[in-house]
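Comments concern the structure below.
In this note's numbering, the protein residues as written are 684 to 1015.
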């Protein structure tokens, strides 16, 4: 490609040289035409001078004047032709100059491209030299690695021979161990059957334990629910009457309080049909070591048993398991 570009550049230079020579010839023609025009102008001036001198000799020079007029017409016609040809030559010269300028720009651009391509060629040559050096180094490294791999292969072959000898010994040992494993497997199968039976029994016990835990959780939730209900109803009962002990009031006040208590109890039963109002008092012959209840009025659910109520009172009094507690119901 560089050689082709060089040849094209040489051809372009030859074309430019031809155009330059043509322009020089055209310039010479223009100068010749300009000289002819100057000669025609000088002749015209001489003719005018002759016409002035011949004015005195008009009669004798009429024939010469007519001939001169004809010559002048021819000269003027020739001068017009020379002027038109000169304008055409100037226009052609301008076009040739523009063509030469464009050709010169193209040649400059091509010269720049050729320089860039030469630079690329030099860079490619440098890169080729570097690649050759790297390839030589890689070949040397590959030769070293090949020698190392041959040595390693020989060492591996020796190790494989040793492993083959050991493999024969391991085969005999493996056969002996296989017989021992078969004997142990038979023994383990019997134990596995027993273990499976024990596992199934444990699963059954686990299921029963899970059911028992679920039932326990349900009973605990019911107990907590009933305890909450009893405490809530106890607060309502505490609002019915004042905390005044019966031993400090008169019989009339006791009757009045009893009637008021009955009316409040009736109202509570009417508003809460699922609860029973209870007033718990300490007996007169009770051991004074036992503490008094902080609250004497309770509202117990109808499904609450006496034993559960007794347990609730023991919790309120904070009694130990060895301290007895008896609850009596007043039937009057």
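The beta carbon of each residue, even a glycine, is placed where N, CA and C say it ideally should be.
Assigned secondary structure, residue 974 (DSSP; H/G/I helix, E/B strand, else coil):
Residue 974 sits at position 291 when you count from the first residue of the chain shown. Coil at residue 974, not helix or strand.
Environment of residue 983 [buried if 16+ CB atoms lie within 10 Å]
Counting from 1 along the chain shown, the entry for residue 983 is found at position 300. So residue 983 counts as buried.
Alpha helix (DSSP H) containing residue 1026: first to last residue?
Since the displayed the chain opens at 684 and closes at 1015, residue 1026 lies outside it and no answer follows.
Is residue 980 buried or exposed, if buried means 16 or more other CB atoms sit within 10 Å of its CB?
Residue mapping note: residue 980 aligns to position 297 of the chain shown, counting from 1. Residue 980 is buried by the Cβ-count criterion.
Within 10 angstroms of its Cβ, does residue 995 collect 16 or more other Cβ (buried), or is it exposed?
Counting from 1 along the chain shown, the entry for residue 995 is found at position 312. Residue 995 is buried by the Cβ-count criterion.
Are the Cβ atoms of residue 702 and residue 783 separated by less than 8 Å?
In the chain shown, residue 702 corresponds to position 19, counting from 1. In the chain shown, residue 783 corresponds to position 100, counting from 1. Against a cut-off of 8 Å, the Cβ pair of residue 783 and residue 702 comes out as a contact.
Return the CA-CA distance between residue 1002 and residue 973, expressed in angstroms with no decimal places.
Working through the chain shown from its first residue, we reach residue 1002 at position 319. Working through the chain shown from its first residue, we reach residue 973 at position 290. Between residue 1002 and residue 973, the C-alpha separation is close to 9 Å.
Does the beta-carbon distance from residue 772 to residue 720 come in below 8 Å?
Mapped onto the chain shown, residue 772 falls at position 89. Mapped onto the chain shown, residue 720 falls at position 37. No; because the gap between Cβ atoms is not below 8 Å, this pair is not in contact.
Given residue 887, which residues of its chain have a CB within under 6 Å of its CB, disregarding the five upstream and five downstream residues?
Position 204 of the chain shown, counted from the start, is the residue given in the question as residue 887. Annotation for residue 887: no residue places its beta carbon closer than 6 Å to its own, counting only its chain and skipping 5 residues before and after.
With a 10 Å radius around its C-beta and 16 neighbouring C-beta atoms as the bar for buried, classify residue 969 as buried or exposed.
Counting from 1 along the chain shown, the entry for residue 969 is found at position 286. Exposed is the label assigned to residue 969, since fewer than 16 other Cβ atoms lie within 10 Å of its Cβ.
Exposure label - residue 960; buried when at least 16 CB within 10 Å
As a first step, residue 960 must be located in the chain shown, where it is residue number 277. Counting Cβ neighbours within 10 Å, residue 960 comes out buried, since at least 16 surround it.
In angstroms with no decimal places, state the Cα-to-Cα distance between residue 788 and residue 767.
Position 105 of the chain shown holds residue 788. Position 84 of the chain shown holds residue 767. Each residue's Cα considered, the two are about 32 Å apart.
Whole-Å CB distance - residue 786 paired with residue 698, under 8 Å assumed:
Along the chain shown, read from residue 1 onward, the residue named residue 786 stands at position 103. Along the chain shown, read from residue 1 onward, the residue named residue 698 stands at position 15. Right, their Cβ atoms sit about 7 Å apart.
According to DSSP, which residues form a beta bridge with residue 958?
Along the chain shown, read from residue 1 onward, the residue named residue 958 stands at position 275. Per DSSP, 984.
What three-state label does DSSP hand residue 928 in the structure shown?
Position 245 of the chain shown holds residue 928. Confidence at residue 928 is low in this model, with a pLDDT of 45, below 50, so its placement is unreliable and no value can be given for it.
Residues in its own chain within less than 8 Å of residue 864 by CB, not counting five upstream and five downstream?
Taking the chain shown and counting its residues from 1, the one referred to as residue 864 is at position 181. In its chain, beyond the 5 residues on either side, no residue has a beta carbon closer than 8 Å to the beta carbon of residue 864.
Our contact map puts residue 706 next to residue 776 with C-beta atoms below 8 Å; I'd like the distance itself, whole angstroms only.
Counting from one through the chain shown, the residue named residue 706 turns up at place 23. Counting from one through the chain shown, the residue named residue 776 turns up at place 93. That pair is a contact at about 6 Å.
Separation of residue 1007 from residue 924, as counted between CA atoms:
Taking the chain shown and counting its residues from 1, one reaches residue 924 at position 241. Taking the chain shown and counting its residues from 1, one reaches residue 1007 at position 324. Because the pLDDT at residue 924 is just 46, under 50, the model does not fix this residue reliably, and the value given afterwards should be weighed accordingly. Near 30 Å, if we compare the C-alpha coordinates of residue 1007 and residue 924.
Residue 1010 and residue 993 look like a contact to me (Cβ under 8 Å); what is the Cβ gap, rounded to whole Å?
As a first step, residue 1010 must be located in the chain shown, where it is residue number 327. As a first step, residue 993 must be located in the chain shown, where it is residue number 310. Right, the Cβ-Cβ distance comes to about 5 Å (below 8 Å), so this counts as a contact.
Counting C-beta neighbours from all protein chains within 10 Å, is the total for residue 687 16 or more, i.e. buried, or is it exposed?
Numbered from 1 along the chain shown, position 4 holds the residue referred to as residue 687. Exposed.
Does DSSP put residue 690 in a helix, in a strand, or in coil?
Walking along the chain shown from the start, residue 690 turns up at place 7. Reduced to three states, the DSSP call for residue 690 is helix.
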